[in-house]
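Using my numbering, the first residue of the sequence shown is number 807, and each one after it goes up by one.
Cβ coordinates follow ideal geometry from the N, Cα and C atoms, glycine included.
Because the structure is a prediction, the values reported are computed rather than measured.
Have a look at the structure below before the remarks.
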Amino acid sequence: MARFWELDFLRGIAISMMVLFHFLWDLNYFNLINIQLYEGFWGLFQKATALLFLLLVGALIAINKSNGKLETLHDFLKRGVFIFSWGLLLTIISYVLYPKGFIYFGILHLIGVSIILSTPFAGKKTESLIAGFFVILLPLVYKSSFPLVFAAPMPTLDFFPVFPWFGAVLIGIAMGNHFYAQGKRSFELNDFAGKFSNLIQVAGKNSLLIYFTHQLILFPLVFILSYLIA
């Protein structure tokens, strides 16, 4: 299956945004800076990063459905469980390192569940778009019935509940079916050749690896920096 460079590029942008956010979190953790990461600009920045990731997840689900990589329920279950398993690994790691705020349902858990839930919508543009807005708007209309949308049940570093975030995946599916019908780009787009573009695309192609390894590099570096400054 041919890759679409623009999707790798956008995913590279998303993973770069996430690395930046986590770098700021590390600086905050070691008291090298003092900023509100979950409010104001940086709160919106975090949500925009997640939104971009999830829209791309949805688009890729639609493309893989068109190309036969995600065809049967078994295919969706296999892929969803695979991603969810990485989420469980992150749960274990975060519990060991930060038990007071370990990640029990973060972005990877959500993506894994979303892949499975998207089975009946993967090849349907209109239905996925309607369902996406429904999933997003329902908890906003009935706030009392969806308390987990507005506050995690217990402290955590990363929390992305199915409502409303699965809605972003569904909208991404609609976009994928519209712009990449039958697994082919429906518009003309020249490749932005250049070192920067290529580097971002490489990051996009290896986003899962970067997701799991970047803090293994950043956290010790920031710790050493804080020690030297102190």
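Asked	Found
Which of helix, strand or coil DSSP assigns to PHE972	helix
Beta-carbon gap between GLY978 and LEU860 smaller than 8 angstroms	yes
Range of the contiguous alpha helix (DSSP H) that encloses ARG885	879-903
Touch test, the segment 812-826 against the segment 847-861, Cβ-Cβ under 8 angstroms, three pairs minimum	yes
Collapsed DSSP secondary structure at PHE1002 in the structure displayed	helix
Alpha-carbon to alpha-carbon, PHE965 and ALA958	7 angstroms
Three-state secondary structure assigned by DSSP to PHE939	helix
Residues that PHE1018 bridges to, as DSSP identifies them	For PHE1018, which the question treats as bridged, DSSP gives no partner whatsoever.
Where the alpha helix (DSSP H) through LEU834 begins and ends	Checking the displayed sequence, the identity of residue 834 turns out to be Asn instead of Leu. Where ASN834 is concerned, the enclosing alpha helix (DSSP H) stretches over 811-835.
Three or more C-beta pairs below 8 angstroms linking the segment 881-897 and the segment 919-934	yes
Buried versus exposed call for PHE815 [16 or more other C-beta atoms within 10 Å across all chains shown]	buried
Local conformation of PHE966 per DSSP, three classes	coil
Contact belief for GLY886 with VAL919 at Cβ below 8 angstroms, rounded distance in angstroms	7 angstroms
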